[in-house]
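In this note's numbering, the protein residues as written are 879 to 1014.
Don't be surprised by glycine CBs; every beta carbon is placed ideally from N, CA and C.
Given the structure is predicted, the values throughout are model-derived calculations rather than measurements.
Notes follow once the structure below has been shown.
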Amino acid sequence: MNNVETVKNIYDAFGRGDVAAILEKLSPDVRWEVWKDNRAQKAGVPWMQSRSGREGAAEFFKTLATHLEFKNIEVPCIMEGSNKVVAEFVVEAVVRTSGARVGDEELHLWTFGEDGKVSHFRHYTDTAKHIEAAGL
């Protein structure tokens, strides 16, 4: 399976709510949302926090399910170069606690190790939208 197929499988699993299938595609020491400077992380947006390892990624998906109800997700384009895959991700969700809607067009950067597992993942998103949706 190549890296693009792996990313497609991850999004398919996300759509089914199959977190276990996603975690199988990740390196045991995956870096998740690790940034030097991220406004949403500084503001405390729960679903945008840095995490590490499969346990951290699992916590990310648990946090998503706790805070957001997804109304629509689309992946209209996936691009590959070297050991990286970029996916255009269009999302519409509702924050469960406030009813606030958040819609965004994001880029997801997936970096792969030599073993074919995801070693690093980042959202490139409008952090102001997420800060506002989180009520921060």
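Could you have a look at ASN881 and say whether DSSP puts it in helix, strand or coil? ASN881: helix per DSSP, three-state reduction.
So what does DSSP say about LYS914, is it helix, strand or coil? Residue state, collapsed to three classes: coil.
Give the straight-line distance between the Cα atoms of THR884 and LYS903, rounded to the nearest whole angstrom. Their backbone Cα atoms lie some 7 Å apart in a straight line.
Let's see if you can read the secondary structure: which residues bound the beta strand (DSSP E) around GLU952? Secondary structure note for GLU952: its beta strand (DSSP E) is the uninterrupted segment 946-959.
Under 9 Å between C-beta atoms of VAL953 and TYR889: Result yes, Cβ atoms of VAL953 and TYR889 sit closer than 9 Å.
Please name the residue or residues paired with GLU1008 in a DSSP beta bridge. It is worth fixing the name first, because residue 1008 is His in this sequence and not Glu. Listed as beta-bridge partners of HIS1008 by DSSP are no residues whatsoever.
Counting only the same chain and skipping the five closest in sequence on each side, list residues whose C-beta sits under 8 Å from that of GLY991. Apart from the 5 residues on each side of it in sequence, GLY991 sits with its Cβ closer than 8 Å to the Cβ of SER905, ASN961 and SER997 in its chain, given in chain order.
Taking just the CA atoms, how far does VAL908 sit from LYS995? Here the C-alpha atom of LYS995 lies approximately 9 Å from the C-alpha atom of VAL908.
Please state whether the Cβ-Cβ distance between LEU901 and ALA936 is less than 9 Å. With contacts defined as CB atoms closer than 9 Å, LEU901 and ALA936 qualify as a contacting pair.
So what does DSSP say about GLU966, is it helix, strand or coil? Three-state DSSP puts GLU966 in a strand.
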